[in-house]
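**Q** One structure is given below, represented as structure tokens, and several questions about it will come after.
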Amino acid sequence: MSQSPRPKKALGQNFLQDQGISRKIVRALGMEPEDCIIEIGPGPGALTRHIAEENPARLILVEKDDHWAAERAASVGAELFTGEFPPPEARRAVVCADALRLPWETLTFSCKIIGNLPYNVASPLMWEIFSRASGLRRAVFMVQKEVGLRLCAVPGTSAYGALSVWTQSFVVPKMEFIVPPQVFYPRPKVDSAVLSFTPRPEGPPDVPPGRLGALLHKTFSMRRKQLGTIFQSTPNRLELLTNLGIDPRLRPENLTPKTFHLLVGAGFFPRGD
Ligand code: SAM
Numbered sequence: 002m003s004q005s006p007r008p009k010k011a012l013g014q015n016f017l018q019d020q021g022i023s024r025k026i027v028r029a030l031g032m033e034p035e036d037c038i039i040e041i042g043p044g045p046g047a048l049t050r051h052i053a054e055e056n057p058a059r060l061i062l063v064e065k066d067d068h069w070a071a072e073r074a075a076s077v078g079a080e081l082f083t084g085e086f087p088p089p090e091a092r093r094a095v096v097c098a099d100a101l102r103l104p105w106e107t108l109t110f111s112c113k114i115i116g117n118l119p120y121n122v123a124s125p126l127m128w129e130i131f132s133r134a135s136g137l138r139r140a141v142f143m144v145q146k147e148v149g150l151r152l153c154a155v156p157g158t159s160a161y162g163a164l165s166v167w168t169q170s171f172v173v174p175k176m177e178f179i180v181p182p183q184v185f186y187p188r189p190k191v192d193s194a195v196l197s198f199t200p201r202p203e204g205p206p207d208v209p210p211g212r213l214g215a216l217l218h219k220t221f222s223m224r225r226k227q228l229g230t231i232f233q234s235t236p237n238r239l240e241l242l243t244n245l246g247i248d249p250r251l252r253p254e255n256l257t258p259k260t261f262h263l264l265v266g267a268g269f270f271p272r273g274d
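Final position of the sequence shown in the numbering used here is 274; the numbers increase by one with none missing.
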């Protein structure tokens, strides 16, 4: 086995050193023998060894760093793939790729996803996974605590924003526990949080995700403005909003995910577009 390289900052490599916490994170996934488990960013394998111990029906590891991809392939007896998810017959696989570039929409089969996510890609990656991986049954992610708070924030709070609405449009997030910096090498500057996610029981919202995402980005860039002002260029906006039961004096930060879905369904889009 080759010597371990220095942790790479650009790949968000803060490696978990605590066996007890690793086990607790894996336990939060609620693994069952027939599961297909996908781990994002296994690195030196803090979570992987506890997942492999459970011997799930399928295990797919996604790692961008060639060194750790090769090491994990050797440790779990996996075949190496690049660029896409392996075929169904691959029971143990390592995909050496940038997780942000994987075709998450091809995960139509039942799967559970876990990862101590690299801080620099965590938000865009969860954005993709929650909206595209239709086979997702449960996910457990460790992220920076501040991101964790945004994921489960409720309307009217300062943490509530586009990521909160988007996430809660597809899944139900739950804060599991907080992890302090001293259990990582190298130590990050901030606390981390472990969250679990399950698909919304009523399924995804009946609106085009692209339009919802665009509306969220636009409206939250004006989070303190009233809806009546944000939708200034929409003809009859005050009447339309009132007919939908939405007060035009409300601000984006006060709207529930359901209200955003109503706005998309009614064809609302902010001024300038
Ligand atoms: N799972 C290990 C642990 O808990 O100690 C490592 C976690 S470390 C925070 C993040 C891991 O994600 C690293 O192994 C890193 O190389 C990998 N990674 C970083 N960016 C990635 C990307 N875009 N796609 C896939 N893996 C990535």
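We put the CB at the ideal spot given by N, CA and C, even for glycine. All values derive from a computational prediction rather than experimental measurement.
Give the DSSP bridge partners of C37, in chain order.
**A** In the DSSP output, where bridge partners are listed per residue, C37 has R59.
**Q** Are the Cβ atoms of R151 and S111 separated by less than 7 Å?
**A** No, they are not a contact pair.
**Q** Quick check on E90: does DSSP put it in helix, strand or coil?
**A** It is coil, neither helix nor strand.
**Q** Can you give the Cα-Cα distance for P253 and F269, rounded to whole angstroms?
**A** P253 and F269: Cα-Cα distance of roughly 13 Å.
**Q** With distances taken between CB atoms, is the gap from I130 to W167 smaller than 7 Å?
**A** Going by C-beta atoms, I130 is not nearer than 7 Å to W167.
**Q** CB of E64 to nearest heavy atom of the ligand SAM: below 6 Å?
**A** Yes, the beta carbon of E64 sits closer than 6 Å to at least one heavy atom of the ligand SAM.
**Q** Per DSSP, what are the beta-bridge partners of C112 in this structure?
**A** DSSP lists L137 as partners of C112.
**Q** What is the rounded straight-line gap between the Cα of P87 and the Cα of S159?
**A** Whole-angstrom Cα-Cα distance: 41 Å.
**Q** What are the boundary residues of the alpha helix (DSSP H) that V148 is part of?
**A** K146 to L152 is the extent of the alpha helix (DSSP H) around V148.
**Q** Quick one: residues in its chain with C-beta nearer than 6 Å to the C-beta of I38, no 5 flanking neighbours on either side, listed in chain order?
**A** The answer, listed in chain order, is I52, P57, L60 and K113.
**Q** Note down, in chain order, each residue of its chain lying with its Cβ closer than 8 Å to the Cβ of Q18, except the 5 sequence neighbours on either side.
**A** Contacts found: A47, V184, F185 and Y186.
**Q** May I ask you to check if the CB of G42 is nearer than 6 Å to at least one heavy atom of the ligand SAM?
**A** G42: yes, Cβ under 6 Å from the ligand SAM.
**Q** Taking P182 as the reference, which of S76, L256, G204 and S193 has the closest Cα?
**A** Selected option, being the one with the closest Cα: S193.
**Q** How many angstroms separate the CA atom of A70 from the CA atom of P209?
**A** Near 36 Å, if we compare the C-alpha coordinates of P209 and A70.
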